[in-house]
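Protein chains in written order, with our numbering: chain A, 1 to 212; chain B, 1001 to 1212. Ideal Cβ placement from N, Cα and C applies to all residues, glycine included.
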DNA sequence: TCTTGATTCAAACGAACGTTTGAATTATCT
DNA sequence: AGATAATTCAAACGTTCGTTTGAATCAAGA
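Right, dumping it as structure tokens:
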């Protein structure tokens, strides 16, 4: 079975996800990872060559399906629209739902992934750089195009700015929800992800449409 | 002069800011910091006790004036409003401008600080935790209150959500501007911070006001 | 000028890190 | 079963880390 992942590899990936989300990249040692995964220390270098490659593989494992789902949803919307522009709210849903699905489907490990995303985005050690170029560039191009068709009054640059803003709303909300839970004294939580998605989409749609 | 900072202390803080922004917390060694600051290795432990305390001091040095400026601006607005609710756009400006001022005033070291903010926010090692509680709690409370007065149709929880969204727009935009510069192929940049501030405020104001 | 405290310095400490090695073990196929 | 490749394992490698130490240097008041 060439396409199913080796059991040891999978155990390492899972332990890495959990520990890195909890302690950060450099603060998570291979010794802690292999201890948690109950495998030998040298297994990491055997299966992934190096620690950096392991982290990249860990990020890629989650990111690739998400971006594929995003593009598939957008394809589906554009095919259904028969040449008409896809409504703004549906574009945003195609962009955000695949990420939230990971969270609600995978439970704690899904939430761990969101921490990782924020961590990887902020980390100066360019873990995400090769992934951004390979996995994100087509996604960014396609969604930018769809956005411009849905909001023809926006200039090219303005569309870029506002799409960046929308990404900020989403990333910050899901990745740093504990800050919100703190300042709201527990009143706002991510439990009902469907309601959160609706809130985010409404907020972003209003901001994107706005013409000051 | 008890209130002016020791020259060695200042050199260490400056070098730390620059290097941590470039390489991350754990990846920046005290040896690299002291070499860049042209001070002895032991000076860090002498002046700051420990590396973690140094990082906390570095974050605090920038964050405290910013939050003081935010609250001062809000005070000023509320005094000028004479009992009336402060307009939404002005609340947002009081919230965001002090951060952008650091960037435009201090140049490269200001931009470094924004990286640090995103880094510290995402870092699971709770560097920001004590600061969030001390420095941010009053700020969050005051701005939440002002927001509820400006937008009385929002419930308490809804106001918390949307203020969190607005923070996401701002933080993500300023801290990860290089992603936008990349996807927009250089068309969108942070150079004109006044225009960026205007864009962000307009986007957030529309999202905050919206009633889906 | 002498003394006292604050600061700097070179050197070393023990611990933890990522990685490598080579033998032992397990799985796969004829 | 026996040969061959894949995987696991304990042990060690060299490096780098944050921190400590104790003497040297500096600043300034008596």
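Using a Cβ cut-off of 8 angstroms (strictly closer), state whether residue i contacts chain B.
i, result
"residue 216 of chain A", "No statement about residue 216 of chain A is possible, as the shown extent of chain A runs from 1 to 212 and does not include it."
"residue 26 of chain A", "yes"
"residue 75 of chain A", "no"
"residue 16 of chain A", "no"
"residue 156 of chain A", "yes"
"residue 147 of chain A", "no"
"residue 207 of chain A", "yes"
"residue 72 of chain A", "no"
"residue 3 of chain A", "Residue placement at residue 3 of chain A is flagged as unreliable, the pLDDT there being 46, under the threshold of 50; a coordinate-derived value is accordingly withheld."
Answer with yes or no whether the minimum CB distance from residue i to chain A is below 8 angstroms.
i, result
"residue 1203 of chain B", "yes"
"residue 1183 of chain B", "yes"
"residue 1048 of chain B", "no"
"residue 1022 of chain B", "yes"
"residue 1165 of chain B", "yes"
"residue 1055 of chain B", "no"
"residue 1031 of chain B", "no"
"residue 1187 of chain B", "yes"
"residue 1180 of chain B", "yes"
"residue 1142 of chain B", "no"
"residue 1036 of chain B", "no"
"residue 1169 of chain B", "yes"
"residue 1172 of chain B", "yes"
"residue 1162 of chain B", "yes"
"residue 1069 of chain B", "no"
"residue 1176 of chain B", "yes"
"residue 1007 of chain B", "no"
"residue 1150 of chain B", "no"
"residue 1118 of chain B", "yes"
"residue 1212 of chain B", "yes"
"residue 1194 of chain B", "no"
Specify the secondary structure class of residue i as computed by DSSP and reduced to three states.
i, result
"residue 182 of chain A", "helix"
"residue 120 of chain A", "helix"
"residue 39 of chain A", "coil"
"residue 1046 of chain B", "helix"
"residue 1 of chain A", "For residue 1 of chain A, the pLDDT reaches just 35, beneath the cut-off of 50, and the residue's location in the model is therefore unreliable, leaving the point undetermined."
"residue 1090 of chain B", "helix"
"residue 30 of chain A", "helix"
"residue 109 of chain A", "helix"
"residue 1131 of chain B", "helix"
"residue 1193 of chain B", "helix"
"residue 1188 of chain B", "coil"
"residue 1177 of chain B", "helix"
Roughly how many angstroms lie between the CA atoms of residue i and residue j, to the nearest whole one?
i, j, result
"residue 1020 of chain B", "residue 1127 of chain B", "13 angstroms"
"residue 974 of chain B", "residue 1110 of chain B", "Any property of residue 974 of chain B remains undetermined from this structure, which presents chain B solely from 1001 to 1212."
"residue 78 of chain A", "residue 94 of chain A", "11 angstroms"
"residue 167 of chain A", "residue 1195 of chain B", "19 angstroms"
"residue 1162 of chain B", "residue 1006 of chain B", "42 angstroms"
"residue 41 of chain A", "residue 57 of chain A", "18 angstroms"
"residue 1028 of chain B", "residue 1197 of chain B", "32 angstroms"
"residue 50 of chain A", "residue 30 of chain A", "10 angstroms"
"residue 1179 of chain B", "residue 1211 of chain B", "31 angstroms"
"residue 13 of chain A", "residue 1098 of chain B", "42 angstroms"
"residue 38 of chain A", "residue 11 of chain A", "8 angstroms"
"residue 1137 of chain B", "residue 183 of chain A", "7 angstroms"
"residue 3 of chain A", "residue 150 of chain A", "With a pLDDT of 46 at residue 3 of chain A, under the threshold of 50, the modelled position of that residue is not reliable, and the figure given next carries that caveat. Cα to Cα, the separation comes out at about 39 angstroms."
"residue 214 of chain A", "residue 84 of chain A", "Because residue 214 of chain A is not part of the residues shown, which for chain A are 1 to 212, the question remains open."
"residue 1034 of chain B", "residue 1112 of chain B", "18 angstroms"
"residue 80 of chain A", "residue 124 of chain A", "41 angstroms"
"residue 1170 of chain B", "residue 1055 of chain B", "23 angstroms"
"residue 1104 of chain B", "residue 1191 of chain B", "9 angstroms"
"residue 52 of chain A", "residue 1086 of chain B", "50 angstroms"
"residue 1129 of chain B", "residue 1106 of chain B", "26 angstroms"
Taking residue i and residue j to be in contact with their CB atoms under 8 angstroms, please state how far apart those CB atoms are, rounded to whole angstroms.
i, j, result
"residue 66 of chain A", "residue 44 of chain A", "Incorrect: roughly 25 angstroms between the Cβ atoms, too far for contact."
"residue 181 of chain A", "residue 1118 of chain B", "So it is not a contact: roughly 20 angstroms between Cβ atoms."
"residue 203 of chain A", "residue 1165 of chain B", "5 angstroms"
"residue 1100 of chain B", "residue 1177 of chain B", "Actually they are not in contact, since the Cβ atoms of residue 1100 of chain B and residue 1177 of chain B sit about 12 angstroms apart, beyond 8 angstroms."
"residue 115 of chain A", "residue 175 of chain A", "6 angstroms"
"residue 1146 of chain B", "residue 1091 of chain B", "5 angstroms"
"residue 1071 of chain B", "residue 1131 of chain B", "At roughly 15 angstroms, the Cβ-Cβ gap does not stay under 8 angstroms, so residue 1071 of chain B and residue 1131 of chain B are not in contact."
"residue 1209 of chain B", "residue 1088 of chain B", "7 angstroms"
"residue 1188 of chain B", "residue 157 of chain A", "6 angstroms"
"residue 1026 of chain B", "residue 17 of chain A", "Contact flag wrong, Cβ pair sits at about 18 angstroms."
Is there at least one non-hydrogen atom of the ligand MG closer than 7 angstroms to the beta-carbon of residue i?
i, result
"residue 29 of chain A", "This structure lacks the ligand MG; in fact it carries no ligand of any kind."
| query | When you check each C-beta in the segment 1120 to 1136 of chain B against every C-beta of chain A, which residues fall closer than 8 angstroms? | reply | 1121, 1122, 1123, 1124, 1125, 1132 and 1136
| task | Closer than 9 angstroms, Cβ to Cβ, to anything on chain B: give me those residues from the segment 83 to 96 of chain A, in chain order. | result | none
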